[in-house]
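Working notes, structure below.
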Amino acid sequence: METEIINWKEYIDEEKFENLLEDIFDSQGYSISLFNNEGKKLVRKNRDKQNHLVCEELRENENFCNEHYLKAQEAITGKRGNLSFCAKNRERFLFCAPFKTSSGKNLGAIVACKRAKVFDSHGDNLEENEEEVNFLKGITSLLADKIYQDIEIRHLSAELNAKYEELALLYEIGEKTLVSDSKDESVEYIVTRAMETVNPSLVVWSVREENKNIFYRNPERESEDKFISDEIIMEICRKVSRMSSRSREPLILNNLNKYREFAGIWQDPINVLSIPLVSDSKGFGSLNFIECNPEKIFLNDQLKLMESISRSTVTILKNSELYEKLQKLFFNVIRMLLGIIESKDTYTEGHSKRVYQISVQFAKILKLSRKDIFDLQWGAILHDVGKITIPTEIIKKPGKLTSEEYEIIKSHPVKGAELVSTIDEFKNAVKGIRYHHERIDGKGYPDGLRGTEIPLIARIIGIADTFDALNSARPYRAKPSRAFVLAELKQLASTQLDSLLVELLLNNYELFIKLLDSEDYELFEDTNIKGIW
Ligand SMILES: [Fe+2]
Ligand SMILES: [Fe+2]
1 METEIINWKE
11 YIDEEKFENL
21 LEDIFDSQGY
31 SISLFNNEGK
41 KLVRKNRDKQ
51 NHLVCEELRE
61 NENFCNEHYL
71 KAQEAITGKR
81 GNLSFCAKNR
91 ERFLFCAPFK
101 TSSGKNLGAI
111 VACKRAKVFD
121 SHGDNLEENE
131 EEVNFLKGIT
141 SLLADKIYQD
151 IEIRHLSAEL
161 NAKYEELALL
171 YEIGEKTLVS
181 DSKDESVEYI
191 VTRAMETVNP
201 SLVVWSVREE
211 NKNIFYRNPE
221 RESEDKFISD
231 EIIMEICRKV
241 SRMSSRSREP
251 LILNNLNKYR
261 EFAGIWQDPI
271 NVLSIPLVSD
281 SKGFGSLNFI
291 ECNPEKIFLN
301 DQLKLMESIS
311 RSTVTILKNS
321 ELYEKLQKLF
331 FNVIRMLLGI
341 IESKDTYTEG
351 HSKRVYQISV
361 QFAKILKLSR
371 KDIFDLQWGA
381 ILHDVGKITI
391 PTEIIKKPGK
401 LTSEEYEIIK
411 SHPVKGAELV
421 STIDEFKNAV
431 KGIRYHHERI
441 DGKGYPDGLR
451 GTEIPLIARI
461 IGIADTFDAL
471 NSARPYRAKP
481 SRAFVLAELK
491 QLASTQLDSL
501 LVELLLNNYE
511 LFIKLLDSED
521 YELFEDTNIK
531 GIW
């Protein structure tokens, strides 16, 4: 078994330690040298000039030094077991012993020496000698215990710190991904945080379903790493992903050149940590951490942490899949409703879509908040949904409507608002539906609101609705000219329509008119409404 080399000096408070040595050894007339278990001298303390010379001699006089240093080495390697030994040589007394804790942990060796004042070479006092040796043995063990305690405390606190950082990271990721409704944004956040923690050359998210690899290069490593082409990285990721998805277990492959599958891919050793993104029923791909510096190998601790992170990623991917399915279902229902409404009147085909698109253009110019945009979008899409309750023969009636029939038509904003108000998410969008036929002068319906009493989203939907109607052909008229539409708009400003919105429309007329004919509908990416049309 490999022995762990302990450079214990890194773990001690040097000043305190020096004082301790001074108290113990200096006062007893000793100079000491302490070695780590590799034989490297970490501490040397000379008491006085003569001792200094002795120690110098230990170091410099080859015969003397080698003999005793080798004995210290034997103490280190344990060849002499726990035995310490003493040597008296002329005027010197030398003590060499393993530097071991009371629990047997080997920290290296201790060599202590002093002038042989106590041990006269002509009259050995063995008793005193033994007492001295026992004293040194005891002190050595106490000292080793003290150092080992410091090492353990430092290790524990480092471990605690690492654990705390892991927990904080997992907590942050959990928090962030709870509030974000964008799958890509969440995964990118996770990858970025993981990159900060592991600091590899790059991370590649292999997305299985779309069969693509998304690269996240580490900006901090750009100058340091040798350039490896995207093709080679992709080839590596393909092979590693296949291995990790097959086993459904995370993998550490330090030095790919060792593995037959990767022979000849890249001349230098590359290290890879691959985390499969799998749930019980499905594989979503993998997160691959690539390290181009062969010395920075991936460790098991990193694997464990990344495994926890991958669980959050899988949850996001699963939720997002579920969300997309539900959204598709919901959009299908909406499309079906719009289909029913528009089938009641062939002249209004595509009307809801155009009102939506014009409203969105207003929202962009007015720089509305994300929340208002959401309400406006759904209000616009569903503004005429109440028409579903109006008999087709009334809607399609070619001649003049009776006042009774007109009242029925006028009920559609209230009916629509009632229908949509059952959906919690749309409680503000409902205002756009209920009030889209109100007029600025208070002569609109259903409530006769005036000016700014009419919610902004309803005023926007109102002008979008009118603009589309003005530009549409009717059974009784062809598509009107631009001059006619412009004149009508100006006339309706301040009576039916919000004059500021009319001004906005006129100032951006080309932009708006293009939207009526455009098939290429620009949508707000961040409101997740893509795919409804
Ligand atoms: Fe309407
Ligand atoms: Fe309408």
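All letters in the sequence shown, in the order written, are residues 1 to 533 by the UniProt record's numbering.
For glycine and all other residues, C-beta sits at the position ideal for the given N, C-alpha and C.
| Query | Result |
| --- | --- |
| I'd like the list of long-range same chain contacts for A429, defined as Cβ closer than 6 angstroms, with 5 residues on each side in sequence excluded. | D375, W378 and G379 |
| Helix, strand or coil: how does DSSP classify A144 here? | helix |
| Pairs of beta-carbons, one from the stretch 405 to 421 and one from the stretch 353 to 368, closer than 8 angstroms: are there three or more? | no |
| Is any non-hydrogen atom of ligand 2 found closer than 6 angstroms to the C-beta of D345, if you look at the structure I gave you? | no |
| So the beta strand (DSSP E) I290 belongs to, where does it begin and stop? | G283 to E291 |
| Going by other Cβ atoms of all chains shown within 10 Å of its Cβ, with 16 needed for buried, is E14 buried or exposed? | exposed |
| The beta strand (DSSP E) that contains S31, what's its start and end? | S31 to N36 |
| Do you know whose CA, among Q357, L143, L382 and I423, lies nearest K514's CA? | Q357 |
| Using a strict less-than 5 angstroms threshold between each residue's beta carbon and the heavy atoms of ligand 3, what residues do you get? | Ligands displayed in this structure: ligand 1 and ligand 2; ligand 3 is not among them. |
| What do you get for T452, buried or exposed, if any count of 16 or more other CB atoms within 10 angstroms of its CB means buried? | exposed |
| I'd like to know whether the C-beta atoms of K344 and T392 end up nearer to each other than 7 angstroms. | yes |
| Would you tell me roughly how many angstroms separate the C-alpha atoms of F17 and A144, rounded to the nearest one? | 11 angstroms |
| Excluding the 5 residues preceding and the 5 following L505 in the sequence, name in chain order all residues of the same chain whose CB lies nearer than 6 angstroms to its CB. | F512 |
| With a threshold of 8 angstroms, are at least 3 pairs of Cβ atoms found where one atom belongs to the stretch 278 to 294 and the other to the stretch 187 to 206? | yes |
| DSSP three-state call for P276: helix, strand or coil? | strand |
| Are three or more beta carbon pairs between the stretch 254 to 273 and the stretch 232 to 245 nearer than 8 angstroms? | yes |
| So, I190 versus A112, is the Cβ gap smaller than 7 angstroms? | no |
| Pick out whichever of V278, E130, R154 and Y216 has its Cα sitting closest to the Cα of E10. | R154 |
| Less than 7 angstroms between C-beta atoms, sequence neighbours within five positions excluded: which residues of the same chain meet that for E62? | Residue placement at E62 is poorly supported in this model, since its pLDDT is 37, which falls under 50; the coordinates are not used for a value here. |
| So, at 6 angstroms on beta carbons, what are the nonlocal neighbours of L317 in its own chain, with the 5 sequence-adjacent residues on each side left out? | F284 |
| The beta strand (DSSP E) spanning K212 covers which residue range? | K212 to R217 |
| Closest by CA to V385, which one among E404, V360, K396 and E342? | E342 |
| Using DSSP bridges, identify the partner residues of C113. | S31 and L94 |
| Can you give me the Cβ contacts of G108 inside the same chain, cut-off strictly under 6 angstroms, excluding the 5 residues immediately before and after it? | F35, N36, N37, I76 and F99 |
| Do you know whose CA, among H437, I457 and P455, lies nearest T466's CA? | H437 |
| Out of curiosity, what's the CA-to-CA distance linking D150 and N7? | 12 angstroms |
| Using only the alpha-carbon positions, how far apart do L83 and D301 sit? | Bear in mind that a pLDDT of 44 at L83, under 50, signals an unreliable position, so the number given afterwards is only what the model happens to contain. Between L83 and D301, the C-alpha separation is close to 39 angstroms. |
| For F298 versus I270, is the C-beta spacing smaller than 7 angstroms? | no |
| So the candidates are L337, S182 and E249; which of them puts its Cα closest to the Cα of C320? | For clarity, residue 320 is Ser in the given sequence; the question names Cys instead. That would be S182, whose Cα lies nearest to the Cα of S320. |
| In the DSSP assignment, what are the bridge partners of R434? | According to DSSP, which records beta bridges pairwise, R434 is partnered with nothing at all. |
| For the beta strand (DSSP E) holding I12, just list the boundary residues, first then last. | Careful: I12 lies outside any beta strand (DSSP E) and carries neither H nor E. |
| Tell me the DSSP bridge mates of S206? | N213 and S286 |
| When DSSP labels each residue in this structure, what does N106 get in the three-state scheme? | strand |
| Less than 8 angstroms between the CB atoms is what I'm expecting for V187 and T315, so what's the real figure, rounded? | That belief does not hold up - the Cβ atoms of V187 and T315 are roughly 11 angstroms apart, past 8 angstroms. |
| Output the distance between the C-alpha atoms of R208 and S279, rounded to the nearest integer angstrom. | 13 angstroms |
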